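Participant: Residue numbers (my numbering): 78 to 453. Got a structure for you, questions after.
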Amino acid sequence: MIGSRRPLRKGPAEVFEAIEPPGTSELITAVVSATVLVEFLGVLSGSEVWLLGLLVFLPGTASALCTVRQTRFVAAWAVLVVTTTAVVRDVDEARWLDRLLLVLLTLTLGVTSVYACHRRVRREHEMLRLRSTAVAMQRHILHPLPLVTDDVLVNGVYEPLHEDRLVGGDIYDVVACPWGTRVLIGDVQGKGLAAVGAAFAVIGAFREAAHREPTLTALVDALDAAVVRHNSYAEHTGDDERFVTALVIGIDADTEVQAVNCGHVLPHVMHEGSITSPALDSGVPLGLAELAVEPSTVDWFPFPDGATLLLSTDGLTETRAGDGTFYPVDERLAKQLDRSPTELPQALYEDARAFAGHGGLHDDVAVLTVRRSPRH
């Protein structure tokens, strides 16, 4: 049986932190300061009324950063200041039409800014709701880490991408079956709810076929068939077809483990201070088996007692620094050998975030460590 101790991942409410609008005092200070600056420049230039036309940009700025109520305040302030100055301080009655047009322009842009702010806030709330729903679905189907079977202990970290495209499609699972323990890690091509749907198809097929198929190649064939069926349904509904890179590991009492690589990132084995990356034949991703020249094959590599197997998705290996340099996984992993298997995934993730700098990570990141269970 698979057991879990505590989830290491954040729930939707913790993941999605709303962008805080400026505080009331901060907003008032900014608006008044901008007004005073425009007034001062107007007095110096002798064109006070026309420079006040610059205040029409205040509501537009507020519509992108503030709440609807705050945007209304800024729009009303701009209209009030421009109208008062145009009526009271410009004594040239021959230019009354210009002053009236300036006031009407300010009023129009103020109303437009409030409407734009309302649309922005509504869209943000809708995106937040959709993202929260997608992440909740994703969290529900992905077992919380760590995972324990009679053969292995699996720790890790999974951080999905959060942006307008919703969430990504990194997946993982661990299944105890009559032939030992099967471990899956994969990455669905693309982002969004469609990618999550393909991820569900793969995980559901894995959990069912892992108990039915005695060989890893038959298991991978079942996963490929699940992606093909999903793509067939997606084609009828107008969604894009997807493929899935995956790595399937079979672990039992033997000191070697089986692996089938479907175009995924290679694993790393850490043992007694050394790091090796098994040379696995790379097959085609799931969903593309019809294009393969040869069927998928099983590779074997050593996994002795005391060793730690590191699995990851390309969100880690394709992390880039500001100058475009890729994250050097082997080099950074060598510096983390003193970490326990429990601490290593989070340490690598944090190191990759620091390496990416202010640009941040641009893809999902899943990092798993697998070690043999003490019961084994």
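Note that beta-carbon positions come from the ideal geometry of N, C-alpha and C, so glycine has one too. A quick note: this is a predicted structure, and the numbers were derived from the prediction, not measured.
1) If you reduce the DSSP assignment to three classes, tell me which class Ala311 lands in.
2) Is the stretch 286-305 close to the stretch 325-332, with three or more CB pairs under 8 Å?
3) Would you tell me roughly how many angstroms separate the C-alpha atoms of Ala272 and Arg448, rounded to the nearest one?
4) How many angstroms separate the CA atom of Val279 from the CA atom of Gly246?
5) Please classify Ser102 as buried or exposed, where buried requires at least 16 neighbouring CB atoms within 10 angstroms.
6) Starting from Leu230, trace the beta strand (DSSP E) in both directions and tell me its first and last residue.
7) Where does His341 fall in DSSP's three states?
8) To the nearest angstrom, how far is the alpha carbon of Asp241 from that of Met204?
9) Using three-state DSSP, classify Val321 as helix, strand or coil.
10) Quick check on this structure: which residue in Leu184, Val156, Tyr235 has the alpha carbon closest to the alpha carbon of Glu427?
11) Mind pulling the beta strand (DSSP E) runs of 3 or more residues that sit fully within the stretch 350-433?
12) Note down the Cα distance separating Leu243 from Gly383, rounded to an integer number of angstroms.
13) Alpha carbon to alpha carbon, how far is Val188 from Ala152?
14) Between the stretch 334-346 and the stretch 356-371, do at least 3 Cβ pairs fall closer than 8 Å?
15) How big is the Cα-Cα spacing for Leu445 and Leu219?
16) Going by Cα to Cα distance, which pick from Leu184, Leu365, Thr419 is closest to Arg319?
17) Starting from Thr138, follow the alpha helix (DSSP H) in both directions and report where the run begins and ends.
18) Determine which residues share a DSSP beta bridge with Asp250 and list them.
19) Could you name the residues of the same chain whose beta carbon sits closer than 8 Å to that of Val145, not counting the 5 residues immediately before and after it, in chain order?
20) Whole angstroms is fine: what's the gap from Pro418's alpha carbon to Ser309's?
Facilitator: Walking through what the data contain:
1) Reading the sequence shown from its first residue, position 234 is the one you call residue 311. If DSSP states are grouped into helix, strand and coil, Ala311 belongs with the helices.
2) Output reads yes: the stretch 325-332 touches the stretch 286-305.
3) As a position in the sequence shown, residue 272 is number 195, starting the count at 1. As a position in the sequence shown, residue 448 is number 371, starting the count at 1. Using only the alpha carbons, I get a separation of about 30 Å.
4) The residue you call residue 279 lines up with position 202 of the sequence shown. The residue you call residue 246 lines up with position 169 of the sequence shown. Rounded to the nearest angstrom, the two C-alpha atoms are 11 Å apart.
5) Here residue 102 refers to the residue found at position 25 of the sequence shown. So Ser102 counts as exposed.
6) The residue you call residue 230 lines up with position 153 of the sequence shown. 229-236 is the span of the beta strand (DSSP E), which, as asked, contains Leu230.
7) Counted from its first residue, the sequence shown places residue 341 at position 264. Reduced to three states, the DSSP call for His341 is coil.
8) The sequence position of residue 241 within the sequence shown is 164, counting from 1. The sequence position of residue 204 within the sequence shown is 127, counting from 1. Note that Asp241 scores 45 on pLDDT, short of 50, meaning its location in the model is unreliable; the coordinates nonetheless yield the value given after this. Cα-Cα distance, rounded: 7 Å.
9) The residue given as residue 321 occupies position 244 in the sequence shown. Strand.
10) Residue 427 sits at position 350 when you count from the first residue of the sequence shown. Nearest of Leu184, Val156, Tyr235 to Glu427, Cα basis: Tyr235.
11) 351-353, 376-379, 385-389
12) Translated into positions along the sequence shown, residue 243 becomes position 166. Translated into positions along the sequence shown, residue 383 becomes position 306. The predicted model places Leu243 with a pLDDT of 48, which falls under 50 and marks its position as unreliable, so this point remains unresolved.
13) As a working mapping, residue 188 is identified with position 111 in the sequence shown. As a working mapping, residue 152 is identified with position 75 in the sequence shown. Near 7 Å, if we compare the C-alpha coordinates of Ala152 and Val188.
14) yes
15) Position 368 of the sequence shown, counted from the start, is the residue given in the question as residue 445. Position 142 of the sequence shown, counted from the start, is the residue given in the question as residue 219. Roughly 13 Å between the two C-alpha positions.
16) Numbered from its first residue, the sequence shown carries residue 319 at position 242. Comparing C-alpha distances from Arg319 to each of Leu184, Leu365, Thr419 shows the shortest one belongs to Leu365.
17) To locate residue 138, count along the sequence shown from 1; it is residue 61. Thr138 -> alpha helix (DSSP H) spans 134-142.
18) On the sequence shown, residue 250 is found 173 positions in, with the first residue counted as 1. In the DSSP output, where bridge partners are listed per residue, Asp250 has Leu261.
19) As a first step, residue 145 must be located in the sequence shown, where it is residue number 68. Same-chain partners within the cutoff: Val191, Cys194, His195, Val198.
20) Translated into positions along the sequence shown, residue 418 becomes position 341. Translated into positions along the sequence shown, residue 309 becomes position 232. When rounded, the distance between both Cα atoms is 40 Å.
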